[in-house]
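Reminder that position 51 of the sequence shown reads as 50 in numbering that gives the first Met the number 0, one-by-one numbering, no gaps. Written out below as structure tokens is the structure these notes cover.
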Amino acid sequence: MIGNMTYEQVEILAKELESSTTIVENITKNLNIEELEDFVSTVEGYYKYLNTIIEMNKDADKALETLKSKK
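Here's what the structure looks like:
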């Protein structure tokens, strides 16, 4: 879990953000709206961050399970 959300819930959120980012990029690609491009870039960075956090937490869970089983 991450906070009070399961890994699956966070993965769904990250995928929705990624999909939304792609849609916004496709709609605005020829409009040259710098502020929106900055926002989309920030959202893109956030969903990538979420995916990284999920993987790190899963790896930490595995390591903890290994340590617990060695007791």
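Note that the Cβ used here is the ideal one computed from N, Cα and C, for glycine as well. Please read all numbers here as calculations on a predicted model, not as lab measurements.
Q: Please work out which residues of its chain come closer than 6 Å, Cβ to Cβ, to K14, disregarding the five sequence neighbours upstream and downstream, and give them in chain order.
A: none
Q: Would you kindly work out how many angstroms separate the C-alpha atoms of I32 and M55, rounded to a whole number?
A: 35 Å
Q) What number of angstroms, rounded off, separates the C-alpha of M0 from the C-alpha of Y6? A) 6 Å
Q: Within 10 angstroms of the Cβ of T41, are there 16 or more other Cβ atoms? Answer buried if so, exposed if not.
A: exposed
Q) Nearest-angstrom Cα distance between Y60 and M4? A) The displayed chain sequence assigns Asp, not Tyr, to residue 60. Each residue's Cα considered, the two are about 15 Å apart.
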